[in-house]
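0 is the number of the first residue of the sequence shown in numbering that gives the first Met the number 0; add one for each residue after it. C-beta atoms are modelled at their ideal positions from N, C-alpha and C, and glycine is treated no differently. Just below is one structure, and these are the notes that go with it.
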Amino acid sequence: MFAIGYRCFRCGKTYGFGKMKYRCECGGSLDMRYDYVKIRRELRKSGAEFRKQQPSHWKYKIFYPVSRASVTMGEGGTPLLPSAGIGRQTGAKIFFKMESANPTGSFKDRGSAVEISRAIELEAKRVVCATTGNMGASVAAYCARAGIHAKIFVPDNTPKEKLSQILAYGAEIKHVRGTYEDAAIAAELESRRHYFLAGDYPYRGEGEKSVGFETIEQLPTTDYIVCPIGNGTLIYAVWKALKEMKTVGLAKKLPKLVGVQAERCNPVARAFDKNESRIEPIMEPRTFADAIACGNPIDGLEALSALRESKGFATSVSDPEIRSAIKVLGSEGIYAEPGGAAATAGLLKLAKREKNVFAGKKVVSVVSGHGLKHPFR
Ligand SMILES: *Cc1c(COP(=O)(O)O)cnc(C)c1O
0 MFAIGYRCFR
10 CGKTYGFGKM
20 KYRCECGGSL
30 DMRYDYVKIR
40 RELRKSGAEF
50 RKQQPSHWKY
60 KIFYPVSRAS
70 VTMGEGGTPL
80 LPSAGIGRQT
90 GAKIFFKMES
100 ANPTGSFKDR
110 GSAVEISRAI
120 ELEAKRVVCA
130 TTGNMGASVA
140 AYCARAGIHA
150 KIFVPDNTPK
160 EKLSQILAYG
170 AEIKHVRGTY
180 EDAAIAAELE
190 SRRHYFLAGD
200 YPYRGEGEKS
210 VGFETIEQLP
220 TTDYIVCPIG
230 NGTLIYAVWK
240 ALKEMKTVGL
250 AKKLPKLVGV
260 QAERCNPVAR
270 AFDKNESRIE
280 PIMEPRTFAD
290 AIACGNPIDG
300 LEALSALRES
310 KGFATSVSDP
320 EIRSAIKVLG
330 SEGIYAEPGG
340 AAATAGLLKL
350 AKREKNVFAG
360 KKVVSVVSGH
370 GLKHPFR
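Following this line, the structure appears as C-alpha cells:
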C-alpha cells in the first residue's frame, strides 16, 4: 500500500496514515497523500502486465488506501458509450460514461468498495452514513455483503425508490427532518458512538477516482469530462486521478473538467463564476435532482480546484433543462435519474451558446445514476 497520510485541503496541515481521520482539526476536509515515486517504480516493474488488463475498478488498486479488495461486487469497468444522436446537435463527439451500470446503479459503488474495504481492515462492526439516497443504498449493499450493520440517515425528500433499495439491503433507516446537511450532522454525531463513518470523507473519493482512470484508458484523447457536482467528491476524484496518471507517466495531456450544478443549488458554480476562494452555502436547496442537492458541499473547495486547475468551467441547469436531458438520453436508450442527467443537461446548454466550446471536441458526459432510482414522470 502506498498511502502515506492526509493533508487538509483548507489549512495544509498533514497527518500520518496510522489513525483513521475524517476531518482536520480546523474543520477542513482531508486529502489522501501517496508516495508517487514508489508507485511509479512499482508500475515500471509490472508495466506490461498492467497495460494488458482491461480498465476496471481494481486495476488501479495501487492508487487506493487499502491493502486489498476486502469487499467487491464487480463495481466499475463501466462502458464508455458513443452517443448515437446528440453529436449532431452539439457538433461534438460525445461519449457517455455509464455509471448507471454499477451494482447499485450509481458510481457511489466505486467509493463504497474502497471505503467498506477499509472499514473491514479496521474491524468495524457498525457503519453510519448520511445520504441523499444513492450513497446510502451503496453503503447498505456493501455492508450487507461484508456482514456489517449499516445505519443510514436520510433527509425528508429522499425518493421512496431509494428508500426501498436501502431497506432491501437490510440497513436501518433514520429519517431526519431537513436537508442532506442536517442528515450529515446527525451521522457525524452518531459516529462518535463507535461507528465507522461512511460518506464523502477521504476514503470514498479515493475509490471514485476510477471514473477518471478508466475514462483516460478508454479514450486517451478526451478533451472534456462533464461531471455533476453535489458534494464535489466525484469531480475532485476524477481530477485527482488524471493528475496521478500524469505524475506516474500513464497520461500526457489531460482533459478539462466541466462541473454542472442545479440552478437553485449551485454554490460551487457561483464561487467559480465570481472567482471566489470560499463557498457560500445555500440554505434551502431546491431541485428535483436530489442526488446533487447539497447546499454546503463537503468537497466544495476541492471541486473548485478541479475546475480551476484543469482550466475548465462550471454551469448551472434548471429542473426543466434536466427533465429535457432525461428525454434526450432516453432517445438514445439510456435511462438516467435527474442527478444522472445533469451533466448532459449542462453539456446541451453550453453547446447552444454562440461560441460552442465543444465543437469538434471529444466530450465525455458522466451518467452518474440510473433512472429506476427516481422514476421520471
Ligand atoms: C452522488 C451523486 C452525484 C453527486 O456526486 P458528488 O460526489 O456528491 O459531487 C451525482 N449524481 C448521482 C446519481 C449521485 O448519486
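Check your understanding: Alpha carbon to alpha carbon, what distance is there between Ala-139 and Gly-169?
Key -> Against the sequence shown, residue 169 aligns to sequence position 170. Against the sequence shown, residue 139 aligns to sequence position 140. When rounded, the distance between both Cα atoms is 7 Å.
Check your understanding: Cβ atoms of Leu-346 and Ser-364: under 7 Å apart, would you say?
Key -> Reading the sequence shown from its first residue, position 365 is the one you call residue 364. Reading the sequence shown from its first residue, position 347 is the one you call residue 346. Result yes, Cβ atoms of Ser-364 and Leu-346 sit closer than 7 Å.
Exercise for review: Taking only the alpha-carbon atoms, compute the straight-line gap between Glu-262 and Lys-208 and give it to the nearest angstrom.
Suggested key: Counted from its first residue, the sequence shown places residue 262 at position 263. Counted from its first residue, the sequence shown places residue 208 at position 209. C-alpha separation (whole angstroms): 26 Å.
Practice item. Would you decide whether Asp-155 is buried or exposed? Buried here means 16 or more other CB atoms lie within 10 Å of its CB. Key: Against the sequence shown, residue 155 aligns to sequence position 156. It is exposed - the Cβ of Asp-155 has fewer than 16 other Cβ atoms within 10 Å.
Point to revise | N- and C-terminal bounds of the beta strand (DSSP E) containing Ser-377 | key: The chain is shown from 0 up to 376; residue 377 falls before or after that span and cannot be answered.
Point to revise | beta-carbon Ser-111 near ligand 1 non-hydrogen atom, thresh 6 Å | key: Translated into positions along the sequence shown, residue 111 becomes position 112. Checking every heavy atom of ligand 1 against the Cβ of Ser-111, none is found closer than 6 Å.
Review point. Okay, do the segment 262 to 279 and the segment 235 to 246 touch, 3+ Cβ pairs below 8 Å being the bar?
Key: no
Practice item. Can you tell me which of the three DSSP states Arg-277 falls into? Key: Counting from one through the sequence shown, the residue named residue 277 turns up at place 278. Coil, per DSSP.
Check your understanding: Roughly how many whole angstroms lie between the Cα atoms of Gly-76 and His-56?
Key -> As a first step, residue 76 is located in the sequence shown; it is residue number 77 there, counting from the start. As a first step, residue 56 is located in the sequence shown; it is residue number 57 there, counting from the start. Looking at the two C-alpha atoms, the distance is approximately 6 Å.
**Study point:** Expected contact under 8 Å - CB spacing of Lys-92 and Lys-354 to nearest Å
**Key:** Translated into the one-based positions of the sequence shown, residue 92 becomes position 93. Translated into the one-based positions of the sequence shown, residue 354 becomes position 355. So it is not a contact: roughly 18 Å between Cβ atoms.
Exercise for review: Give a single yes or no on whether Pro-154 has its beta carbon closer than 6 Å to a heavy atom of ligand 1.
Suggested key: Translated into positions along the sequence shown, residue 154 becomes position 155. Every heavy atom of ligand 1 is 6 Å or more from the Cβ of Pro-154, so no.
**Study point:** Nearest-angstrom Cβ-Cβ length linking Val-210 and Glu-98, presumed shorter than 8 Å
**Key:** As a working mapping, residue 210 is identified with position 211 in the sequence shown. As a working mapping, residue 98 is identified with position 99 in the sequence shown. At roughly 7 Å, the Cβ-Cβ gap stays under 8 Å, so Val-210 and Glu-98 are in contact.
**Study point:** Rounded C-alpha distance that separates Ala-341 from Leu-303
**Key:** Against the sequence shown, residue 341 aligns to sequence position 342. Against the sequence shown, residue 303 aligns to sequence position 304. Roughly 18 Å separates the two Cα atoms.
Exercise for review: Could you check which residue in Val-257, Gly-17, Arg-144 and Lys-242 has the C-alpha nearest to that of Ala-350?
Suggested key: Translated into positions along the sequence shown, residue 350 becomes position 351. For Ala-350, the nearest C-alpha among the options comes from Val-257.
**Study point:** Spatial distance of Arg-191 from Arg-67 (CA atoms)
**Key:** Walking along the sequence shown from the start, residue 191 turns up at place 192. Walking along the sequence shown from the start, residue 67 turns up at place 68. Going by the C-alpha atoms only, they are around 27 Å apart.
Review point. Going by DSSP, what residues sit across from Gln-260 in a beta bridge?
Key: By one-based count along the sequence shown, residue 260 stands at place 261. For Gln-260, which the question treats as bridged, DSSP gives the partners Ser-315.
Check your understanding: Three-state secondary structure (DSSP) at Asp-30?
Key -> Here residue 30 refers to the residue found at position 31 when the sequence shown is read from its first residue. Annotated three-state conformation of Asp-30 is strand, per DSSP.
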